[in-house]
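Scroll down for the structure; my scribbles are underneath it.
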Amino acid sequence: MLSSLIVRLVWTAAALLVSVLLSRKWISHRAFRAAVDKHGCQRPRKHVPNDLIVNDLAKARAQAAKDGHAMKPFMDDFERYGKTWEEKDAYGTTIINTMDKLNIQQVLSLGHQDYSKPDRSMFAPFFGKGIFMEEGAAWKHSRDMIKPIFSRAELSDMDAFQRHVDRFIKIVPRDGTPVDLQPLLKKLFLDSSTEFIFGESMDSQLPGDPNNSAALLRAFDEAFVGAGKRRAAGKLARVKLAFDKSWKVCLQQVHAFVDRHVERALSISIQEDEESAQASGQKRHILLHEMAKHIRDPVDLRFRVLNIFIPALDSIAILVGNVLFHLARNPEAWSQLRKESARIEGKPLTYELLRSLKLFRDVVNETIRLQGIVGRAERLAICNTLLPVGGGTDGKAPVFVEKGTIVGMVIWGLHHDKEIWGEDFAKFNPQRWVDKPSTGVFLPFFAGPRICPAQQQVMTQAIYLLVRMSQEFVLIENQDPVTEYVENLKVLAESRNGVQVSLISSESTKEIM
């Protein structure tokens, strides 16, 4: 009797499940047919798996990341299927990958209200709540709070940055001795970012590393690696990495560092902070102190400032390192930069002057185009919506995007599109920027409402450092036996082999002569 009841319950549950699935299929089909009738939508081409049991895409991408060329499988599939194509992940979620400028513009700008970021709860222990994790009104509030701080800092904080650059240039060998600039750049931008964000520099470039920045950088590196593992594991991250105690230890170290500054900022009243700044004649802006005027909960403030500190810590260091990686392999480009910097030698390197240096900007832009720190970004459709192109065999029809679909925007693909950049798209060639490409094909800091609020600060500091180095050093030469760029993918991608170069100053050249 009991067994018979269990069998009936199982069959009833199965029937209900089938009914729900069929109902969803029918609703989905009706929505697609409506989009076809109204907009002429067609399905994009679909990836056909080679193995129905093993996710061949995930396997190929994991191997490519291990080999240091994470975007190669995507580019191979764009070559095979066109600029927009569809796949299913291991959990059955539909993903539309696109490198088409019109589709990327639609998701980031014109139709941004139809999308949100996919679930990132696996990162919550590290990032908590903050501008890069939030959506809707909460995100807008965070952005409105920090954007004016960055805007004011762009114009006023060059003196503080100059001090850190002076230290960096003194550390770099000047006589042609081989050096890996990547860790030195990380120390430089650790010092400058901690001063801007927390009001106190780590001073990691000083002799003896007085504040033990090496331990903090190790903790951040391990935290980044752990976050990368969780991104790769996706929905299984909590299960597969549940016993990863080392990650939790690194997070505690990172959080303790930020918490110390948060406690200090919250102990200062708003009036005391403003009076202290006026009394000392300070013009610089401390981001944490500005945020503490609006946020008084210490844990909330910790995560919000951490969301800004994390990209500030590594992104500019990696960007400048990538620029120097290419310049060491392109001596003619270095010579051109030296001629440009000689023209302005002796002039104050103001924000306005740095913005006017087109040749330096072109070199930075070309580096970002070739080695963007982030190659792909995902957005989750929160309602039924459309992409303007990508459907049909020719890829020209609109594409229906059903609620719950993920759109993967492959910015790397857009920046390596030979139809836009020419047959030499894989070559470092700053001259291509003489005739600037049309709007919408170069997205160094994304686009739309969620464009990076620190974009001008990033460009200004990168160009400032390159100007100073080109004025200081006559030659920069590659010392890496591997000439190609090989990625080390954590949360951000950096050169796996570092930036191994030798530099010779004008003084060293005179001594040799």
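Per this note's numbering, the sequence shown starts with residue 1133, numbered consecutively.
Every residue, glycine too, gets a C-beta built ideally from N, C-alpha and C.
With distances taken from CA atoms, which of the options is nearest residue i?
| i | options | result |
| --- | --- | --- |
| L1502 | G1524, V1614, P1576 and A1147 | P1576 |
| N1516 | I1505, G1522, I1538 and D1199 | I1538 |
| D1446 | L1398, P1585, P1339 and L1624 | L1624 |
| V1168 | W1544, D1341 and G1524 | G1524 |
| F1605 | K1471, V1614, G1580 and I1543 | K1471 |
| E1218 | Q1195, E1211, I1228 and R1436 | I1228 |
| Q1096 | P1305, Q1245, I1552 and S1136 | Lying outside 1133 to 1645, the shown extent of the chain, residue 1096 is not represented and no answer is given. |
| Q1174 | E1639, G1527 and A1369 | G1527 |
| S1333 | G1340, S1325 and P1339 | S1325 |
| D1429 | V1455, L1383 and S1399 | S1399 |
| K1249 | K1377, V1614 and M1541 | M1541 |
| D1316 | P1613, R1212 and A1346 | Correcting the residue identity first, residue 1316 is Leu in this sequence and not Asp. When each option's Cα is compared against that of L1316, the closest is A1346. |
| H1179 | A1190, V1150 and H1171 | A1190 |
| H1215 | I1636, P1530, E1639 and L1597 | For the sequence presented, residue 1215 should be read as Lys rather than His. Closest option to K1215, Cα to Cα, is P1530. |
| E1477 | Y1596, R1252 and W1271 | Y1596 |
| D1294 | E1266, P1613, I1636 and L1598 | Going by the sequence as given, residue 1294 is Gln instead of Asp. The residue with the shortest Cα to Cα distance from Q1294 is L1598. |
| H1547 | F1532, G1536 and P1569 | P1569 |
Could you check what DSSP says for residue i in three-state terms: helix, strand or coil?
| i | result |
| --- | --- |
| K1170 | helix |
| E1472 | helix |
| G1659 | Any question about residue 1659 goes unanswered here, given that the chain covers just 1133 to 1645. |
| L1538 | Checking the displayed sequence, the identity of residue 1538 turns out to be Ile instead of Leu. Strand at I1538. |
| A1625 | strand |
| M1645 | Annotation note: pLDDT 46 at M1645 (below 50); position unreliable, coordinate value reported separately. In the structure shown, M1645 sits in coil (DSSP, three-state: anything other than H, G, I, E or B). |
| S1136 | helix |
| K1215 | coil |
| A1347 | helix |
| D1298 | helix |
| F1457 | helix |
| Y1247 | strand |
| P1099 | Only positions 1133 to 1645 of the chain appear in this structure, which leaves residue 1099 out of reach. |
| Q1611 | coil |
| E1510 | strand |
| E1555 | coil |
| N1229 | strand |
| P1576 | strand |
| Q1587 | helix |
| S1638 | helix |
| V1142 | helix |
| G1522 | strand |
| K1178 | strand |
| Q1384 | helix |
| N1670 | Given that the chain is displayed from residue 1133 to residue 1645, the structure contains no residue 1670 and the question cannot be resolved. |
| F1492 | helix |
Tell whether a beta-carbon distance below 8 Å holds between residue i and residue j.
| i | j | result |
| --- | --- | --- |
| I1608 | L1459 | yes |
| Q1237 | A1509 | no |
| S1634 | Q1603 | no |
| E1534 | A1513 | yes |
| G1262 | R1436 | yes |
| V1618 | G1200 | yes |
| K1203 | W1544 | Note that residue 1203 corresponds to Met in the displayed sequence, not to Lys. Yes, the pair counts as a contact, with Cβ atoms nearer than the cut-off. |
| M1423 | M1277 | yes |
| P1176 | G1630 | no |
| V1239 | R1582 | no |
| D1556 | M1231 | no |
| F1264 | N1439 | yes |
| I1427 | L1433 | yes |
| W1379 | G1358 | yes |
| L1489 | L1313 | no |
| P1205 | A1192 | yes |
| P1520 | N1235 | yes |
Who are the Cβ neighbours of residue i in its own chain at under 7 Å, not counting the five residues just before and after it?
| i | result |
| --- | --- |
| R1600 | V1297 and I1301 |
| D1221 | I1227 |
| R1628 | G1200, V1618, E1619 and N1620 |
| P1257 | L1383 |
| I1505 | S1447, I1450, L1451, L1624 and A1625 |
Can you list, in chain order, the residues of its chain whose CB lies under 6 Å from that of residue i, leaving out five sequence neighbours each side?
| i | result |
| --- | --- |
| D1291 | none |
| V1573 | K1233 and I1552 |
| R1299 | Q1337 |
| A1163 | N1516 |
| K1559 | none |
| F1210 | M1231 and G1545 |
| Y1213 | R1177 |
| K1318 | A1449 |
| K1622 | F1356, V1357 and G1360 |
Beta-carbon within less than 8 Å of residue i's beta-carbon, same chain only, minus the 5 sequence neighbours each way: which residues are those?
| i | result |
| --- | --- |
| Q1587 | P1576 and F1577 |
| P1108 | Since the first residue of the chain shown is 1133 and the last is 1645, residue 1108 is not available in this structure. |
With contact counted as at least three CB pairs below 8 Å, one residue from each stretch, are the stretch 1555-1565 and the stretch 1491-1505 in contact?
yes
Using 8 Å as the cut-off, can you tell me whether the stretch 1584-1596 makes contact with the stretch 1475-1494, which would need three or more C-beta pairs spanning the two stretches below that distance?
yes
Any contact of the stretch 1351-1370 with the stretch 1393-1400, i.e. 3+ C-beta pairs under 8 Å?
no
Within 8 Å, do at least three Cβ pairs link the stretch 1312-1332 to the stretch 1418-1425?
Touching, yes, given that three or more Cβ pairs across the two stretches are closer than 8 Å.
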